[in-house]
Structure formats: structure tokens, C-alpha cells
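Undergrad: Order-wise, the sequence lines are chains A and B.
Here my numbering = 1-based position in the first sequence + 48.
Here my numbering = 1-based position in the second sequence + 79.
Ideal Cβ positions, reconstructed from N, Cα and C, are used throughout, including at glycine.
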Amino acid sequence: MEDKDIVNLYWDRNERAISETSAKYGHYCTNIAMNILNNRQDAEECVNDTYVNSWNTMPPHRPVRLSAFLGKIVRNLSFNKYRHEHRLKRGGYEMSIILDELNEIVSDRENIEDNVIGGELVKAINKFIRTLSDEKRYIFIRRYWYSDSIKTIADKCGHSENSVSVELSRIRKKLSDHLKKGGYDI
Amino acid sequence: MKKEKLYDLLGDIDEDLIKAAEEPPVKKPKFTWVKYAAAAAACIAIFIGAGVLYRYSDDMSITSDTGMPTASGETPPLPIETYASSVSTESFTIPPVTEVSVPENNDISAETTAPSAGTSSAMNTEKTVSDALLPEKAETEVTYPPFATDNYTSSSNMIRLASAEYPEMPQYPGGNENDDAAYKKWSDAKKILRDQPAGYDEGFDEFFKNSTLIFLKGTETNNRIYSPLSLYMVLSMSAEISGGNTRQQILDVLEHDDIDVLRSHAHSVWQANYMDDGMAKCTIATSLWMNDKLSYNKDTIERLAGNYYSSVYSGDPASYEYNKLLQDWVTEQTGGILKDKLSKNTMSPEMALTIASSVSFKGKWNEEFSKDLTGPGTFHSPEGDTECDFMNKEAFGYYYWGDNFSSVSLGFEENGKMLVILPDEGITPEQLLYDEQVMSYMTDPDKYNYNKYLTINMSIPRFDVSSNTDLTSGLKKMGVTDAFDISESDFTPLTEDPGAVLSKAKQNIRVIIDEDGCKASSMTMIAYVGAGEPSGDYVDFIADRPFIFEIISDTGLPLFIGIVNKP
Chain A
49 MEDKDIVNLY WDRNERAISE TSAKYGHYCT NIAMNILNNR QDAEECVNDT YVNSWNTMPP
109 HRPVRLSAFL GKIVRNLSFN KYRHEHRLKR GGYEMSIILD ELNEIVSDRE NIEDNVIGGE
169 LVKAINKFIR TLSDEKRYIF IRRYWYSDSI KTIADKCGHS ENSVSVELSR IRKKLSDHLK
229 KGGYDI
Chain B
80 MKKEKLYDLL GDIDEDLIKA AEEPPVKKPK FTWVKYAAAA AACIAIFIGA GVLYRYSDDM
140 SITSDTGMPT ASGETPPLPI ETYASSVSTE SFTIPPVTEV SVPENNDISA ETTAPSAGTS
200 SAMNTEKTVS DALLPEKAET EVTYPPFATD NYTSSSNMIR LASAEYPEMP QYPGGNENDD
260 AAYKKWSDAK KILRDQPAGY DEGFDEFFKN STLIFLKGTE TNNRIYSPLS LYMVLSMSAE
320 ISGGNTRQQI LDVLEHDDID VLRSHAHSVW QANYMDDGMA KCTIATSLWM NDKLSYNKDT
380 IERLAGNYYS SVYSGDPASY EYNKLLQDWV TEQTGGILKD KLSKNTMSPE MALTIASSVS
440 FKGKWNEEFS KDLTGPGTFH SPEGDTECDF MNKEAFGYYY WGDNFSSVSL GFEENGKMLV
500 ILPDEGITPE QLLYDEQVMS YMTDPDKYNY NKYLTINMSI PRFDVSSNTD LTSGLKKMGV
560 TDAFDISESD FTPLTEDPGA VLSKAKQNIR VIIDEDGCKA SSMTMIAYVG AGEPSGDYVD
620 FIADRPFIFE IISDTGLPLF IGIVNKP
């Protein structure tokens, strides 16, 4: 079923919207959740919550790219769950690595203005990502948005794991420089 | 900002970017690689020869191990010498593998001239890694052989019987990220070479395991390096030129039953590992040097050229010119870094046949070691502590461990990797070779399960190690005996002249991991004790005691394996 037809089902309050979403994007959402949580039960819980969340936001929302819309929800829910579990010292080993990698870009101190600059910072990051070549952009987004493992990315790109980790390291450095030049001392 | 906050914010990037990343892009070349950037690089080359074959008269019964007749007054036999040597270095620029150009009449004497005063100094100039990374010289340096000319006759009677035709390998399209056509041409050429029939490397793992245990044995205090791929190619060629049980014994060592299958596999191994695109280099060059008094089978010569990419020459081994041609060939393949070894590997006048093979490898680390972090440290060698420079870095990567070892994998740009394997304290590298776990790791590190992706604080000594191994007894232990026995040897597929016997098999190797322009930077060395899954996300890997290294080609075949006792 086309995305626009699935969205119409939501707008028509037709419960088939959930089953169609699950059929088309269940695997996609589960992958994202598993990347973050590394726990099947928790991941499925987040995916189900994603469907509920979608039901509650459509209408009034009408997403242009349904996969990215669902992905954002499941990523957000999964990461919240990860933080909760992490406090309990459970699961999400790959996620802790990803966060450690991001730690190279930030000071890891909470600043009062972080919430204020959030929107502007995302714009600066978007701008930076668009300067990357297709492959580097893919590697960066797969790692820090989809939370893919290095191995998964390497397999998809046809590179060695070492090459991918080196590439990510370089991109992080460039992003850090880019943000500093933009006046973001984060 | 907290890292969790940044991760949150990254979740809000534009949806078209997220959507676009659902599928991998059409692969494009990586152009962050700077061709001449100073960094860790590896150039490895091997030239191999093995043995001396003798043509003897019916009434000559015994020859010495050096190939000289022990009975006097008889017609001297004609030895076939094959030298085994290999070089592994980062410190030189390997010239392209090219044919020796010869005049149309195939008389190559015109190219060989006697050395003049002062020219030999070119052979004695040490280079560094940075030299290797400088733009390649337009012409190979003058490389006159460092052997005395007095002992040689002069002969212009040299003929090339066959020449290898290498596959076309377009240059890596660096410098123009949008040159899709150039990239596609490069990518397609690489794909064709890599696309070999399934199972083409069948038996190689067993050959690697068996031969490594034999040729790295007895390395309590010295460095020892061995090239499985190089020996594999020389033995394959030896099987091609031998017959009967002589051939069968070689086939058994190579874990093959049939010469046709071996021929096909050797051809595939050659192609799958061939890389010479201006950025990365991994080449296997082979050649056969015949005494011009020896008869030969034309079909066998053609098979050597066609299946093993071998060039075949004929000449007078007593002549200076023929020896120089061999020396030049080896120098060209190895970039000259085996010059000290070459002087000992000239052909003896009685030589009937020499097989020479070189494996050259050059790579640039995926992630450089910063020169600023290189600093002196203590290496605990078996003969006592010694000072050397350690390359240091902290990087994300895979850390491997076993019951008795820990290891890291250092990748080269588009050209394989180097494993550095550190035995636990109290265990020697040689003992570790008998550990099934480590052998399993070395034969297929990608499938080895005990690994963890974490931050590694790495400290590895810069090293320049070489070894000169006599393979004779090792080959005999592996079961190659008839080739060494004048009453049993059979080389009829190559020559009808009787009495050929293998008498010498040597392998010289040199490996250099180098980095120039070091600034002394003191580094605290923390010995990592014991192996096992690291409990945290951070681990020290300090190679300050004897270790094993293995250089693996892009397709996963072991090119070189060595034990470093003294960096």
C-alpha cells in the first residue's frame, strides 16, 4: 500500500492503518528500536507505542515521508527507554558506544542554553550533513540516526569495519569544527 | 551539552536526509585519502626462489647440498636454483610491475651494462616511509647488483622465452570525487579480479597452518617472517614443472589432488590478490630463469606464463649480464629493499634453473598514527630490555582476545589489514602458534567471535625486521622429499635433461613499519596483563614484548606472518 493511502486510513480513523503500518514498516521500526535497546521485548514495546503515537498524531498531522515520521517516533521512544534502562544498568551496549562517540563533539556538561539553541543547532547540523558526500552522509546518518552498528554499516557500504569507524571519526571531527566555527560552543 | 541531548537533537534532522539514508548510495571512492600524506604505510615485497636442480652425467652419483659435485673428474651437474626471499616494508616506492623491455629480436643484452664507479651507492641509500609516500620517481633508480664482477664471464646470449601479461588495472580515480566514469572503470576492473570461482582458495588455510608452524619454529630470540602466499606460488610452479611422485608430494603439501585444479586455483589466487592502482599495491610476480644449455618444453613454459603470470628467461648463469638481469628483476619487484640479501642470491655457474617470485605489498593505514605521539619506550625482548620508538594512538576499533592472547586489527586503505597479536605474559609467540584459538583467529579474523568494539589505547613499536629462512628442511618435513633426491626427482614436464634435483630453497623477508619525523613524546607504558573480555569500554593494548603480526590481503589471504622479538 502506498504511504499516502496508509495516512488516509489514519485520517479516516480506520484501524487497518495500524496493521498496514506494521506490515510495511514494522521491520524498519523494530530495527531502529533494536539498534538502540538491543532487547527484543523492549523493542517490540516501543514499536507498539509508535503505532499508538501515530494514531494519536494523525490527524492532525499528515506526514510527507511516513517512514521518517515513524522512525523519528520509534527512535525517540526507544532512546527514552534506553535512558531509563541505562539508569538501571541494563542493555543497550551499542548505544553507549554511540553516545561515547558523540561525546567527542560535546562537552558533556549541561548548559542552561542547550534547550534554547536546540532548533538552531539542528539547522547547523542539517547544513553540515548536506556538505558531506553521499556515502559519508549515509554512514553518518546510519550511525547517529538509525544507530546502526559499525558492522552493519560496513556490510551495507561494502567497506571494512575499520574504514567505517575511521570515516565516522573524521566526520565527527569535521562536525565539531563546523559547529565551533558557527559559534556553537557545546 | 550532554551527549544524550546531542543524540536527541540528531533525531530532528531533516526527513529527506533520513529517507535518503534508507538505502546505501551508489558507491563512490573515498577521497579523504591523500596520496602522499605521511602516515604509517606498509610495503612488502617478496622474491622467492627454491633450490638447485642438477643435470648430471650417468656416472655421477653424489652431489653436495650446495649443488657442487662431490665426485671429481666428472661432468659438473647443472643446478636449478630457486631463491626464496621476501620483503615487507613501508620504506620504499615499489616501481610498477612491468615487463623487462627487450628489443624485437629478444636479445636483451643491450640493456645490461657493466657497473660504473659510484653507481652502487644508489643501492646503499636507506629510505624512510616518508620516501615511500613521496611521488614516485619517473624512473627506477640505477640498481647495479652489489656483487663483484670479477667472478663472472660476459655473455650477451640472453633470451626471453615468455612474458607475463598483467591484467589491466586502472588507476584509483583520486582527486575528482565526481568522476563517476573513472570510478566505475576502476571499480569494475577490481570487481573482475576479485570475482573468482567459489573455493579458489580451498586448501590454503591448511597449507597456511601447517607451513607456519614449521617455518616460524625456532624463534626464541630472533625475528622471523614467513610469506605463505609467496611459498604457495613457488610450490605451485614447482608442481607445474615436475612429474610423477615429485609432483604429487608438492600437491599434497598444497592440499590439492590435481594439477589442473591447482593451476586454476593459483591463477585465481594471483588475480584475486592483484592490486596496483596507484593507491594500493599487492602484486605477485614470478619468473623462471633457465640455463641456456638446458632443453625445455615449450608447452610448460607457456603454461607458466599463462597461468602463473610468469616471465621465463634463458641465459648463461655464469655471465655477469644474466645475473644482473635477475638482480634487476628482483630489485624492480621489491623496490630495492632486499639489496643486502640479493648479493647472496646470485646464480651459480652450474645453475640449470631458478624460480624467483616476489610479493610486494604497500598500504597506508586507514587511521594514521600521529607522529607527535610517537615516543621512546622499553621493549622487553627475550634478550633483555631494549629501547625503541612506539607509535601511539587512541582509537575506536575492534579488540580481540583469546585464552592466551589479545589482538588488534590495523586496516590499510582498500588493501587488507595487519593483525598484531600479543601473547599473554609468560607465553611466547611461538607457543601461541600452537593455540587453536589463535590459529582460528589468524585464518579468518572476521568470523572470530571474541571481539568487542571499544576505545583502544594502542602502543606498537615501529619495527624493521627481516629474516632469511632456509626452507629446505621445512619442505622435507612437510613431505617434499623426492624433489631433493636426485634418484627420485622428476622434472620431465619442463626438461628432458635428466638428473634435475632441488637443492636450495630460501626465503628472505623484510617488513618495516615506519614513520618519519618523530618528535619525542614521553608515553606512559602500561602493560596489559592477561587476556579476556575487557570489562569496560576502554582497553590498553601495549605491544612492548614479543608479538606476532600477520598481514592479510584484501581478499583475506595471509601474505606475511612474523614474530617480532627485537623491533
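Going by DSSP, what residues sit across from isoleucine 363 (chain B) in a beta bridge?
TA: For the purposes of this step, residue 363 (chain B) is taken as residue 284 along the second sequence, with counting starting at 1. Looking at the DSSP assignment, isoleucine 363 (chain B) forms a beta bridge with B:Val438.
Undergrad: Exposed or buried, valine 112 (chain A), counting other C-beta atoms within 10 Å across all chains shown (16 or more means buried)?
TA: Walking along the first sequence from the start, residue 112 (chain A) turns up at place 64. So valine 112 (chain A) counts as exposed.
Undergrad: Identify which residue in B:Tyr513, B:Lys585, B:Ser568 and B:Asp569 has its Cα closest to the Cα of serine 546 (chain B).
TA: Numbered from its first residue, the second sequence carries residue 546 (chain B) at position 467. Relative to the Cα of serine 546 (chain B), the nearest Cα in the group B:Tyr513, B:Lys585, B:Ser568 and B:Asp569 belongs to B:Lys585.
Undergrad: Spell out whether any CB of chain B is found under 8 Å from the CB atom of lysine 120 (chain A).
TA: Taking the first sequence and counting its residues from 1, the one referred to as residue 120 (chain A) is at position 72. So yes, lysine 120 (chain A) belongs to the interface.
Undergrad: In chain order, what are the residue ranges of uninterrupted alpha helix (DSSP H) at least 4 long that sit wholly in the segment 191-227 of chain A?
TA: 198-205
Undergrad: Can you give me the Cβ contacts of glutamate 575 (chain B) inside the same chain, cut-off strictly under 8 Å, excluding the 5 residues immediately before and after it?
TA: Here residue 575 (chain B) corresponds to residue number 496 of the second sequence, with the count starting at 1. Correct list, in chain order: Ser374 and Asn376.
Undergrad: Whose C-alpha, out of B:Leu89, B:Val332 and B:Phe458, is nearest the C-alpha of lysine 562 (chain B)?
TA: For the purposes of this step, residue 562 (chain B) is taken as residue 483 along the second sequence, with counting starting at 1. Sequence check: residue 562 (chain B) is alanine here, not lysine. Considering only alpha carbons, the answer is B:Val332.
Undergrad: Considering only the beta carbon of each residue, do glycine 641 (chain B) and isoleucine 293 (chain B) sit closer than 8 Å?
TA: Here residue 641 (chain B) refers to the residue found at position 562 when the second sequence is read from its first residue. Here residue 293 (chain B) refers to the residue found at position 214 when the second sequence is read from its first residue. Cβ distance not < 8 Å, so glycine 641 (chain B) and isoleucine 293 (chain B) don't count as in contact.
Undergrad: For aspartate 619 (chain B) and chain A, any beta-carbon pair shorter than 8 Å?
TA: Locating residue 619 (chain B) in the second sequence gives position 540, where the first residue counts as 1. Judged by the 8 Å Cβ criterion, aspartate 619 (chain B) is not in contact with chain A.
Undergrad: Is there contact here, the segment 273-289 of chain B with the segment 429-445 of chain B, by at least three beta-carbon pairs under 8 Å?
TA: no
Undergrad: In the DSSP assignment, what are the bridge partners of phenylalanine 628 (chain B)?
TA: As a working note, residue 628 (chain B) is residue 549 in the second sequence. Partner(s): B:Val499 and B:Gly641.
Undergrad: List the residues of chain B that asparagine 151 (chain A) touches, going by C-beta distances under 8 Å, in chain order.
TA: Counted from its first residue, the first sequence places residue 151 (chain A) at position 103. What asparagine 151 (chain A) touches in chain B: Lys82.
Undergrad: What residues match up with phenylalanine 491 (chain B) in a beta bridge as DSSP calls it?
TA: In the second sequence, residue 491 (chain B) corresponds to position 412, counting from 1. According to DSSP, which records beta bridges pairwise, phenylalanine 491 (chain B) is partnered with B:Trp444.
Undergrad: Could you spell out the range, first to last residue, of the beta strand (DSSP E) harbouring serine 460 (chain B)?
TA: As a first step, residue 460 (chain B) must be located in the second sequence, where it is residue number 381. It spans 454-460 - the beta strand (DSSP E) in which serine 460 (chain B) sits, taken as one unbroken run.
Undergrad: Quick check: the Cα distance between leucine 147 (chain A) and tyrosine 130 (chain A), rounded to an integer number of angstroms?
TA: Residue numbering aside, residue 147 (chain A) sits at position 99 when the first sequence is read from its first letter. Residue numbering aside, residue 130 (chain A) sits at position 82 when the first sequence is read from its first letter. Across the structure, leucine 147 (chain A) and tyrosine 130 (chain A) are spaced so that their CA atoms are roughly 12 Å apart.
Undergrad: Which chain A residues are close to lysine 496 (chain B), counting only those with a beta carbon under 9 Å from its beta carbon?
TA: Position 417 of the second sequence, counting from 1, holds the residue named residue 496 (chain B). The contacting residues are Ser208 and Asn210.
Undergrad: Could you pull out every residue in the same chain whose Cβ sits closer than 6 Å to the Cβ of alanine 81 (chain A), ignoring the five residues on either side in sequence?
TA: What you label residue 81 (chain A) is simply residue 33 of the first sequence in a count that begins at 1. Excluding residues within five positions, the ones whose Cβ falls inside 6 Å are Ala91, Cys94, Val95, Val122 and Ser126.
Undergrad: Below 8 Å, how does it come out for the segment 81-94 of chain B and the segment 176-193 of chain A: are there three or more Cβ pairs, yes or no?
TA: yes
Undergrad: From this set, B:Asn370, B:Ser389 and B:Thr457, which residue's C-alpha is nearest proline 428 (chain B)'s C-alpha?
TA: The residue you call residue 428 (chain B) lines up with position 349 of the second sequence. It is B:Asn370.
Undergrad: Below 9 Å on C-beta distance, what does leucine 452 (chain B) contact in chain A?
TA: Within the second sequence, residue 452 (chain B) is the residue found at index 373, counting from 1. Simply none; closest approach about 15 Å.
Undergrad: Cβ atoms of isoleucine 500 (chain B) and phenylalanine 626 (chain B): under 8 Å apart, would you say?
TA: Translated into the one-based positions of the second sequence, residue 626 (chain B) becomes position 547. Translated into the one-based positions of the second sequence, residue 500 (chain B) becomes position 421. Yes, they are a contact pair.
Undergrad: Using a beta-carbon distance below 8 Å, is serine 224 (chain A) in contact with chain B?
TA: Position 176 of the first sequence, counted from the first residue, corresponds to residue 224 (chain A). At a cut-off of 8 Å between beta-carbon atoms, serine 224 (chain A) makes no contact with chain B.
Undergrad: Cβ closer than 7 Å: which chain A residues qualify as neighbours of glycine 476 (chain B)?
TA: Along the second sequence, one-based indexing puts residue 476 (chain B) at 397. Correct list: Asn210 and Ser213.
Undergrad: How about asparagine 445 (chain B) and serine 211 (chain A): do their beta carbons lie closer than 8 Å?
TA: In the second sequence, the residue the question calls residue 445 (chain B) occupies position 366. In the first sequence, the residue the question calls residue 211 (chain A) occupies position 163. Their beta carbons are under 8 Å apart, which means asparagine 445 (chain B) touches serine 211 (chain A) by this criterion.
Undergrad: For glutamine 328 (chain B) versus valine 580 (chain B), is the C-beta distance shorter than 8 Å?
TA: Here residue 328 (chain B) corresponds to residue number 249 of the second sequence, with the count starting at 1. Here residue 580 (chain B) corresponds to residue number 501 of the second sequence, with the count starting at 1. No, Cβ-Cβ distance for glutamine 328 (chain B) and valine 580 (chain B) is not below 8 Å.
Undergrad: Indicate whether at least one CB of chain B lies closer than 8 Å to the CB of serine 70 (chain A).
TA: Indexing the first sequence from 1 puts residue 70 (chain A) at position 22. No, because no Cβ of chain B sits closer than 8 Å to the Cβ of serine 70 (chain A).
Undergrad: With a threshold of 8 Å between beta-carbons, can alanine 397 (chain B) be considered close to chain A, or not?
TA: The residue labelled residue 397 (chain B) in the question sits at position 318 within the second sequence. Under the 8 Å criterion on CB atoms, alanine 397 (chain B) is classed as non-interfacial with respect to chain A.
Undergrad: Taking three-plus beta-carbon pairs below 8 Å as touching, is the segment 333-350 of chain B in contact with the segment 454-473 of chain B?
TA: no
Undergrad: Could you please tell me which residues of the segment 92-119 of chain A, in chain order, have their CB closer than 9 Å to any CB of chain B?
TA: Pro111, Val112, Arg113, Ser115, Ala116, Phe117 and Gly119
Undergrad: Across which residues does DSSP place tyrosine 305 (chain B) in a beta bridge pair?
TA: The residue labelled residue 305 (chain B) in the question sits at position 226 within the second sequence. Tyrosine 305 (chain B) pairs with B:Ile640.
Undergrad: Exposed or buried, which one is isoleucine 517 (chain B) when buried takes at least 16 other CB atoms within 10 Å?
TA: Residue 517 (chain B) sits at position 438 when you count from the first residue of the second sequence. Reading off the sequence shown, one finds valine at residue 517 (chain B), where the question assumed isoleucine. Buried.
Undergrad: Within the 8 Å Cβ cut-off, does leucine 85 (chain A) reach chain B?
TA: Your numbering for residue 85 (chain A) matches position 37 in the first sequence. Output row for leucine 85 (chain A): interface = no.
Undergrad: Inspect the beta-carbon positions of isoleucine 592 (chain B) and serine 306 (chain B) and report whether they are closer than 8 Å.
TA: As a working mapping, residue 592 (chain B) is identified with position 513 in the second sequence. As a working mapping, residue 306 (chain B) is identified with position 227 in the second sequence. Result no, Cβ atoms of isoleucine 592 (chain B) and serine 306 (chain B) do not sit closer than 8 Å.
Undergrad: So, with DSSP's three-state summary, where would you put alanine 397 (chain B)?
TA: Here residue 397 (chain B) refers to the residue found at position 318 when the second sequence is read from its first residue. Note: alanine 397 (chain B) maps to coil in three-state DSSP.
Undergrad: Is it the case that the Cβ atoms of aspartate 475 (chain B) and asparagine 536 (chain B) are separated by a distance below 8 Å?
TA: Mapped onto the second sequence, residue 475 (chain B) falls at position 396. Mapped onto the second sequence, residue 536 (chain B) falls at position 457. The residue asked about is misnamed: residue 475 (chain B) is phenylalanine in this sequence, not aspartate. Their beta carbons are not under 8 Å apart, which means phenylalanine 475 (chain B) does not touch asparagine 536 (chain B) by this criterion.
Undergrad: Please classify arginine 624 (chain B) as buried or exposed, where buried requires at least 16 other C-beta atoms within 10 Å of its C-beta.
TA: Here residue 624 (chain B) is taken as the residue at index 545 of the second sequence, counted from 1. So arginine 624 (chain B) counts as buried.
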